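For what it's worth, the UniProt record's numbering labels the leading residue of the sequence shown as 1, then goes sequentially.
Take a look at the structure set out below.
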Amino acid sequence: MQNIRLAIIDDNSFLINAIKEKLSFFNDIQIKYTANNGQEIIEKLAKDKNLEVLLMDIEMPMMNGIEATLEIKQRYPQIKIIMLTVFDNDENIFNAIKAGADGYLLKEVDPNSLYQGIQETLSGGAAMTPSIALKTLKLLRNPINLEEDQTESEEIKLSSREIDVLEQLSKGLSYTVIAENLFLSPSTVRKHIENIYSKLQVHSKLEAVQKAKKNNLI
Numbered sequence: 001m002q003n004i005r006l007a008i009i010d011d012n013s014f015l016i017n018a019i020k021e022k023l024s025f026f027n028d029i030q031i032k033y034t035a036n037n038g039q040e041i042i043e044k045l046a047k048d049k050n051l052e053v054l055l056m057d058i059e060m061p062m063m064n065g066i067e068a069t070l071e072i073k074q075r076y077p078q079i080k081i082i083m084l085t086v087f088d089n090d091e092n093i094f095n096a097i098k099a100g101a102d103g104y105l106l107k108e109v110d111p112n113s114l115y116q117g118i119q120e121t122l123s124g125g126a127a128m129t130p131s132i133a134l135k136t137l138k139l140l141r142n143p144i145n146l147e148e149d150q151t152e153s154e155e156i157k158l159s160s161r162e163i164d165v166l167e168q169l170s171k172g173l174s175y176t177v178i179a180e181n182l183f184l185s186p187s188t189v190r191k192h193i194e195n196i197y198s199k200l201q202v203h204s205k206l207e208a209v210q211k212a213k214k215n216n217l218i
């Protein structure tokens, strides 16, 4: 049986040891070396690129896993890279896939699932934790969500006075200054802002301004 040569890249030595332990159950896995950040793995690959798989953390100092993946994939496209991370947020998944990652697993993965994920990736598949796979599907369906957002935006109806108040708010002006500028009493301005929050379903000035801009209201 041919050995699967791999490297583990993580800035946490405790987590490197935990992954090593998970892989120790499988005789055909050979851990050639480890690295603590993206820069270090690139330097080590320059000396020895005879690897099949990299298990790559995302959040690391000097050079993170996504930047390293992008660079490694350009230099060594044959090496499979599986992101192994505690984060399953949409932005990380999207950026990792864009950078060329072949799989995306969470660090709490059990030994068998990790091993199967490596095997699957080597045979041309994509190893993914179920929660990640679900989020990836949602990311791919994003255009549909955008259409939904547009229909939502049509339902948000602000009066011209409320839009005036919101525009003043977006400039960072205080209630009293807005009241002076629009020839209103501060209590009327406060009432308008309450209505704006309620219509936009937000709880802060920043959220109100962001949502209004997103929906082209200001």
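Where is the CB? At the ideal position from N, CA and C, for every residue including glycine.
Here the structure is a predicted model, which means the values were calculated and not measured.
Straight-line gap, residue i to residue j (C-alpha atoms, nearest Å)
i, j, result
"asparagine 112", "lysine 191", "59 Å"
"alanine 96", "tyrosine 33", "22 Å"
"phenylalanine 94", "alanine 179", "44 Å"
"glutamate 167", "isoleucine 58", "39 Å"
"lysine 199", "leucine 55", "47 Å"
"alanine 208", "phenylalanine 183", "22 Å"
"asparagine 12", "glycine 65", "13 Å"
"tyrosine 76", "threonine 69", "10 Å"
"leucine 15", "leucine 206", "38 Å"
"isoleucine 31", "lysine 20", "8 Å"
"leucine 173", "asparagine 181", "10 Å"
"lysine 157", "lysine 138", "29 Å"
"serine 153", "asparagine 216", "Residue placement at serine 153 is poorly supported in this model, since its pLDDT is 44, which falls under 50; the coordinates are not used for a value here."
"glutamine 116", "asparagine 3", "15 Å"
"lysine 107", "isoleucine 42", "22 Å"
"leucine 169", "serine 160", "14 Å"
For residue i: DSSP bridge partner residues
i, result
"leucine 29", "Here residue 29 turns out to be isoleucine, not leucine, going by the sequence shown. According to DSSP, which records beta bridges pairwise, isoleucine 29 is partnered with Ile4."
"threonine 34", "Ile8"
"lysine 80", "Val53"
"methionine 128", "Tyr104"
"threonine 85", "Leu106"
CB of residue i within 7 Å of CB of residue j, strictly
i, j, result
"leucine 105", "isoleucine 82", "yes"
"valine 53", "isoleucine 118", "yes"
"alanine 101", "leucine 51", "no"
"isoleucine 218", "glutamate 162", "no"
"asparagine 37", "methionine 60", "yes"
"valine 202", "lysine 214", "no"
"glutamine 78", "methionine 63", "no"
Exposure of residue i, with buried meaning 16 or more beta-carbon neighbours within 10 Å
i, result
"lysine 98", "exposed"
"alanine 46", "exposed"
"tyrosine 121", "With the sequence shown as reference, residue 121 is identified as threonine, and tyrosine is not the correct amino acid for it. The residue is buried, with at least 16 neighbouring Cβ atoms inside 10 Å."
"lysine 135", "buried"
"lysine 49", "exposed"
"threonine 176", "exposed"
"glycine 103", "buried"
Checklist entry - Can we say the stretch 123-132 touches the stretch 179-188, given the rule of at least three CB pairs closer than 8 Å? => result no
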